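Per the numbering used here, the first sequence starts with residue 218, numbered consecutively.
Beta carbons: idealized from backbone N, C-alpha and C, even for Gly.
From a predicted model like this one, the values you see are computed outputs, not experimental measurements.
Input: a single structure, listed below in structure tokens.
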Amino acid sequence: MDYLKTEQKWRKKWEAENADSFDVSRADKKKYVLEMFSYPSGANLHLGHWYNFGLTDVYARLLRMQGYEVFHPMGFDAFGLPAENYAIKTGIHPKDSTEKNIATMERQLKDMGASFDWDYEIKTCDPKYYKWTQWLFLQLYKHGLAEEKLAPVNWCPSCNTVIANEQVVDGCCERCGSVVERKEMRQWFLKITKYAEELLEGLDKIDWPEKTKLMQRNWIGKSYGGRVTFDLEFGGSFDVFTTRADTLFGCSYVVLAPEHPLVDKITTADRRAEVEEYKLQAARSSEIDRTSTVKEKTGAFTGAYAINPINGKRVPVWVADYVLATYGTGAVMAVPAHDTRDFEFAQKFGLPIDRVVKSADGSDDDLPYTEHGVCVNSGFADGLDTESAKHAILAELDKKGKGGETVTYRLRDWSVSRQRYWGAPIPMIHCEKCGVVPVPEEDLPVQLPYDVDFKPKGKSPLGANEEYMNCKCPKCGGAARRDPDTLDTFVCSSWYYLRYPNAKNDKEAFDTAWTDKLLPVDVYVGGAEHACMHLLYARFITKALRDMGYLHFDEPFMRLVHQGVILGPDGKRMSKTRGNIINPDDYVSVYGSDVFRMYLCFAFSYTEGGPFQSDGIPAIAKYLDRVERICRKAYEGKGKAPADKAKAADLEYAVNYAAKNCGTDIAAFSFNTAVARLMELTNAMYKYEDADDELYNAALTLVKLMAPITPHISEELWEAAGCTGSVLRQPYPTADESKLVRSLVEIPVQQLGKLKGKVMLAPDATEAEALAAALELLGIPSAKKIIYKPGKIINII
RNA sequence: GCCCGAAUGGCGAAACGGCAGACGCGACGGACUUAAAAUCCGUUUGUGGAAACACAGUGUCGGUUCAAGUCCGACUUCGGGCACCA
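This is the structure:
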């Protein structure tokens, strides 16, 4: 068969018939199957796209044959840095390069034979889309989930610009290589932290890989501990967070983060110069330096003292950058004897190290001793194990009004301002009189202007476009300025799955009733690298919109599957520098997409991935030729009654065995075993030498079974069999269980767990029958004990 | 440093605690052919043996079990995530 020609033929036919369009009237039978949409990066679809989209399409096609109305849309995550950087390098406008890339990818996606309904296509850089991204931002703002605050950003001193986290490579600017500094800037944040607890709890309700759930759990980082209030010697107080309240008696100093607001207030006159200098130094130091665990501890004494609330002890207050402003309360109680960081710091600055925990067996271990044990030198807590002491001490503080049990999360608010051009403009206006004013919804979209100098100059490119920046304040009508930043592209992708069913709705972002009907997404397929970004943001946005009343479900993606990574033939990650990139076109243009789809199904364990080996591709082409030959032979046997009943029953068994497993394997994304079942059936058909009705029926079943994987070839073989209609609309074969029951089955016989032989027994044979058969096989008179699982195993002891 | 995950023939890989290696690649042999390709049919974990068969075998060491690739404990190597998170 000429695969390339055949594919052309069927693709034309499908397109003419709108074969992949979603039937809205059957929405009650819907399954929403979604792949993470792609970034329109280069000229061609890469292997990863094929592996993700091609194989998810196999799944989608299976569901369609199983009678579901599958909603399977495709679109493009079209804003983002690569297009902008490409523009800076080449001068080609991001809009132009992106549109060109999208056109190419659309064509290639169609050539893949994937059953997307293009009527629902979305592109995030389209004003018709980002209008609603801006609407989403305004809703978040209206509900107190978006706020502007000072925050540190990555600053490249040589490019004189802020760069995104993704552009920081090993602490250096990816473009010029200078060490990235930190700088405080006003930034928009989305308050994902408000949903920390629900994002954590919701994980128990969704069918996601455990590993991904664990990554989200760790990222959210719930930590049980205590809050301890330290009063300052000359008025005022601050709280610290600790997970080791049991060591509070050993606290010999406290530390504030350099950014802590109290630092300026409490620093004494004689210490001010040094503390100021230290704050500056901390601000200047790069993120890598600052968070490096190997670097020597630094800090400065403020001159102030605080009172340890548990024992009234007067302790010095220091500033040090090993305390993070953004975690807990930005202040810690230091217990050098039982914390490695505090220990290092205390040693360097000559602060007291007071032991308050000993190991349970009483041995005197080296300090710092960070294990749990028994409290000593701890007043009323002496002799308590550390776990009980923790609660006892916090209860005591609670009584005094100086603290208590509390919980802290590691999750931080989501910074969404980007000092970049190629993104959705932030729909906010800054008025000198009225402050921050949201753009009225009826004025959306805030159009991204085309003529902008996007070369980096140290400011947001939009900020230099006076025509764009100058506007009227919606509140007072006076002259005002737009927010010059654009939204992080993860905002665009945090809600796109809601937009797909509403792609053509120009009245609203999405219709609530309709969206409630089509969502949540039943199966979502994409790379594991998004575990703590996109997948977390999308869950947050869904919950936020639900709380605003726009949605009535809690989780966007009920089931999640990660495809594995296909490596280069050398077993390494594909990259330009390694020169090990495999271009799927090289194979697809020769063998066609069906062969390539089946190859991808068969050559890897889907969620594992692995090195690409081209040998498998001709092997699949050979296999499909083999299928065609046996089918054509079978078609000649149509109408002939089988002569050999026993042989026919064997083939019938093989047919039903394949039918039983193929669909469940595909549904489980176990594509490689599904193909193995097809091959087994094909082998059984070759063993069956006659061309008769039995073989004919086997062929039809085989063609239907493989249709989700090789849709074009299956259509061709279906037509060749004289069947009408599309094979892709046939009910997917299921097994006739009665044909899978055999009168005798081979049962392994073990002696003391060692395999000794096999006996033929009825699947429902009694234990006595099994024992008799086993004893005969082993040639022994009796057994002490028999373990018998009917149809499975006999073990004689 | 902390938290996960993985490790099975020459290779890609299968195996609800129940016949390890399904299915395929490669290799070897046979049929067809003047010959080759293509095709069809076999063999293919290792060791010993002509064979029946025996023994060993799922990264290493121990354990649980009638029975362990699978469960438990310790380790090795590789991969991923987090990382001064108090």
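Quick check on this structure: which residue in the options has the alpha carbon closest to the alpha carbon of residue i?
| i | options | result |
| --- | --- | --- |
| Thr587 | Tyr949, Ala554, Asp421 and Ile997 | Ala554 |
| Gly465 | Arg281, Glu845 and Gly596 | Rather than Gly, the amino acid found at residue 465 in this sequence is Leu. Closest by alpha carbon: Gly596. |
| Lys229 | Tyr337, His929, Arg434 and Val573 | His929 |
| Pro657 | Leu221, Trp349, Lys248 and Trp335 | Trp349 |
| Tyr667 | Phe455, Asp832, Phe239 and Ser314 | Ser314 |
| Pro835 | Phe819, Pro828 and Arg849 | Phe819 |
| Val663 | Cys688, Leu969 and Lys676 | Cys688 |
| Cys879 | Asp764, Val738, Gln283 and Glu364 | Gln283 |
| Tyr441 | Glu414, Phe888, Phe821 and Phe770 | Glu414 |
| Pro998 | Ile1014, Ala517 and Ile1010 | Ile1014 |
| Ser887 | Met815, Leu357 and Arg531 | Met815 |
| Leu912 | Glu853, Val738 and Val624 | Glu853 |
| Trp267 | Trp231, Leu715 and Ser810 | Ser810 |
| Ile798 | His360, Ala865 and Val782 | Val782 |
| Glu954 | Val591, Glu932 and Ala876 | Ala876 |
| His647 | Leu661, Gln636, Pro701 and Ala989 | Pro701 |
| Arg434 | Leu417, Gly443, Leu449 and Trp425 | Leu417 |
| Thr623 | Arg629, Ile643, Arg699 and Thr446 | Thr446 |
| His1041 | Trp639, Glu493, Ala548 and Leu679 | Outside the displayed span of the chain (218 to 1014) sits residue 1041, for which this structure offers no information. |
| Tyr638 | Asp882, Leu994, Tyr303 and Val812 | Tyr303 |
| Tyr188 | Tyr249, Gln225, Glu232 and Tyr276 | Outside the displayed range of the chain (218 to 1014) lies residue 188, so it cannot be described from this structure. |
Helix, strand or coil, according to DSSP, for residue i in the structure here?
| i | result |
| --- | --- |
| Phe466 | helix |
| Phe671 | coil |
| Leu689 | Here residue 689 is Lys; the residue named in the question, Leu, does not match the sequence. Reduced to three states, the DSSP call for Lys689 is strand. |
| Ala517 | strand |
| Leu969 | coil |
| Thr429 | helix |
| Ile643 | coil |
| Met402 | strand |
| Asn371 | strand |
| Lys760 | helix |
| His555 | helix |
| Met329 | coil |
| Ala542 | coil |
| Ala806 | The sequence given here places Ser at residue 806; Ala does not occur at that position. Ser806 falls in the helix class under three-state DSSP. |
| His779 | strand |
| Asp424 | strand |
| Val241 | helix |
Could you name the residues that DSSP lists as bridge partners for residue i?
| i | result |
| --- | --- |
| Lys975 | Pro965 |
| Asp602 | Val591 |
| Asn1012 | Gln967 and Ile1004 |
| Val654 | Ile646 |
| Thr927 | DSSP output for Thr927 lists no bridge partner at all. |
| Lys366 | Gln404 |
| Glu252 | Val742 |
| Arg444 | Phe458 and Gly621 |
| Lys340 | Phe293 |
| Ala860 | According to DSSP, Ala860 bridges with nothing at all. |
| Ile524 | Asp448 and Arg531 |
| Met550 | Val471 |
Can you list, in chain order, the residues of its chain with a C-beta nearer than 7 angstroms to that of residue i? Leave out the 5 residues immediately preceding and following it.
| i | result |
| --- | --- |
| Gly520 | Thr484, Thr485, Asp487 and Arg488 |
| Trp631 | Phe406, Leu407, Ile409 and Tyr754 |
| Glu845 | Met218 and Leu934 |
| Pro737 | Phe770, Glu772, Pro773, Phe774 and Met775 |
| Pro533 | Tyr470, Phe518 and Tyr522 |
| Asp559 | Ala551, Val552 and Pro553 |
| Lys340 | Gly292, Phe293, Ala295, Ile319 and Tyr346 |
| Ser1041 | Here the chain has residues from 218 to 1014 only, and residue 1041 is not among them. |
| Leu357 | Ala363, Leu407 and Ala761 |
Cutting at 8 angstroms between CB atoms, please list the residues of its own chain near residue i, excluding the five before and the five after it.
| i | result |
| --- | --- |
| Ala959 | First, the residue type needs correcting, since residue 959 is Arg and not Ala in the sequence shown. Contacts found: Tyr870 and Pro980. |
| Asp240 | Glu286 |
Who are the Cβ neighbours of residue i in its own chain at under 6 angstroms, not counting the five residues just before and after it?
| i | result |
| --- | --- |
| Pro475 | Lys496, Ala499, Val536 and Asp538 |
| Lys692 | Cys651 and Val654 |
| Pro801 | Leu264 and Trp267 |
| Tyr544 | none |
For this session: Ignoring anything shorter than 3 residues or poking outside the stretch 710 to 750, list the beta strand (DSSP E) runs there in chain order.
Result: Counting only runs of 3 or more residues that sit fully inside the stretch 710 to 750, the beta strand (DSSP E) segments are 738 to 743, in chain order.
For this session: Just list the alpha helix (DSSP H) runs in the stretch 870 to 929, keeping only unbroken ones of 4 residues or longer that don't cross its boundaries, in chain order.
Result: Listed in chain order, they are 888 to 904 and 910 to 923.
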